[in-house]
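Working notes, beginning with the structure itself.
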DNA sequence: GATAATGTTCGATC
DNA sequence: AGATCGAACATTAT
């Protein structure tokens with residue numbers, strides 16, 4: 010990190026921020042900045058990021074006023090007047106933020122001109138994200154597979170125990186499966202399991218009652234803490250639309266392969282493995298396998 | 001050039 | 001009905 014005042018700060022838009030705390034941060038920012046604004050014009054530059062017909066998408070939003078912004082897991086739900094709902098999922102590289110009267114940034118995939126002259130920009134380098142307009146949440150393709158929100162609708166101990174059930178699937182893979190609980194992604198899954206001392210490969214059915222209790226509490230703690238830090242930003246970018254997050258400084262295992270475990274009294278070394286095609290980070294010393 | 005990246009969906013194969 | 005795995009989507013950074 011550079012020291013304040015030394016080098017000129019680069020103004021670069023921050024990289025994508027896809028898990029629950031990052032989306033919640035965007036939700037709060039956008040609520041502050043665009044609530045009550047009317048969308049006067051919609052331009053779709055990359056039709057594949059829109060679910061359904063891009064022209065229908067654009068005309069459904071034109072003339073609508075933004076009245077509330079909600080979130081379910083990693084999905085942003087922008088409610089407009091006339092029962093119009095804009096559902097957004099950023100996947101890996103999506104971003105949504107207002108800009109002034111200036112040229113659109115690179116990788117702008119959709120642009121919503123607001124009634125105050127600003128433009129709400131959807132950027133997405135990889136074009137993996139999706140935008141969708143529906144009249145009712147139940148119609149949403151983006152929302153249809155999502156389970157309970159990890160923060161606002163967290164399961165009770167009994168409920169999580171029931172969800173884990175007799176599954177043989179690894180607990181880390183379960184946490185990434187958004188059909189059960191939605192909002193926890195690859196960073197926070199590793200962090201939660203490390204804090205609970207649970208091995209990421211542990212089959213769900215082996216978890217004890219104490220493990221279940223720890224998972225629920227730690228999930229709340231980690232997500233809340235991360236929201237308090239405005240999420241995790243990997244890279245030291247500065248942004249023109251909001252500050253970067255700071256939770257990266259609190260990460261204990263994510264991207265720390267080969268480093269000493271930070272748990273007090275633990276002499277282990279953080280390992281990286283791959284589960285379901287995604288990197289998992291854990292400490293073999295303090296995340297021991299349960300006896301079968 | 002190879003590899004990995006905070007995500008989801010779909011189809012094939014158990 | 002499940003689970004499970006790989007591929008696909010597509011670009012950037014290291």
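In my numbering, the protein residues as written are 10 to 301.
Ideal Cβ positions, reconstructed from N, Cα and C, are used throughout, including at glycine.
Grab me the residues of residue i's own chain with a C-beta within less than 8 Å of its C-beta, minus the 5 sequence neighbours each way, in chain order.
{"i": "residue 221", "result": "166, 169, 170, 173"}
{"i": "residue 90", "result": "73, 74, 76"}
{"i": "residue 101", "result": "25, 27, 135, 137, 138"}
{"i": "residue 177", "result": "212, 213, 214"}
{"i": "residue 123", "result": "43, 46, 47, 48, 49, 107, 129"}
What residue range is occupied by the uninterrupted beta strand (DSSP E) comprising residue i?
{"i": "residue 75", "result": "75–81"}
{"i": "residue 120", "result": "117–123"}
Which same chain residues end up closer than 7 Å to residue i when comparing Cβ atoms and leaving out the 5 residues on each side of it in sequence?
{"i": "residue 205", "result": "220, 223, 224, 227"}
{"i": "residue 158", "result": "81, 82, 191, 192"}
{"i": "residue 127", "result": "107, 108, 109"}
On the criterion of 16 or more Cβ atoms from any shown chain inside 10 Å, does residue i qualify as buried, or is it exposed?
{"i": "residue 298", "result": "exposed"}
{"i": "residue 181", "result": "buried"}
{"i": "residue 83", "result": "buried"}
{"i": "residue 232", "result": "buried"}
{"i": "residue 96", "result": "buried"}
{"i": "residue 54", "result": "exposed"}
{"i": "residue 304", "result": "Since the first residue shown for the chain is 10 and the last is 301, residue 304 is missing from the structure and cannot be characterised."}
{"i": "residue 39", "result": "buried"}
{"i": "residue 258", "result": "exposed"}
{"i": "residue 267", "result": "exposed"}
So for residue i, helix, strand or coil by DSSP?
{"i": "residue 148", "result": "helix"}
{"i": "residue 236", "result": "helix"}
{"i": "residue 38", "result": "helix"}
{"i": "residue 288", "result": "strand"}
{"i": "residue 247", "result": "Note that residue 247 scores a pLDDT of 41, beneath 50, so its modelled location is shaky; the value from the coordinates is reported in the next line. DSSP places residue 247 in coil when its eight states are reduced to three."}
{"i": "residue 213", "result": "helix"}
{"i": "residue 193", "result": "coil"}
{"i": "residue 270", "result": "coil"}
{"i": "residue 89", "result": "strand"}
{"i": "residue 242", "result": "coil"}
{"i": "residue 280", "result": "strand"}
{"i": "residue 204", "result": "helix"}
{"i": "residue 158", "result": "strand"}
{"i": "residue 231", "result": "helix"}
{"i": "residue 262", "result": "coil"}
Give the DSSP bridge partners of residue i, in chain order.
{"i": "residue 106", "result": "130"}
{"i": "residue 47", "result": "74"}
{"i": "residue 98", "result": "84, 139"}
{"i": "residue 52", "result": "120"}
{"i": "residue 59", "result": "140"}
For residue i, collect the residues of the same chain with a Cβ closer than 6 Å to its Cβ; drop the 5 residues on either side in sequence, then sort them by chain order.
{"i": "residue 121", "result": "48, 51, 129"}
{"i": "residue 154", "result": "188"}
{"i": "residue 31", "result": "240"}
{"i": "residue 275", "result": "294, 295"}
{"i": "residue 238", "result": "254, 255, 256"}
Along the chain, where does the alpha helix (DSSP H) containing residue i start, and where does it finish?
{"i": "residue 183", "result": "180–185"}
{"i": "residue 171", "result": "166–173"}
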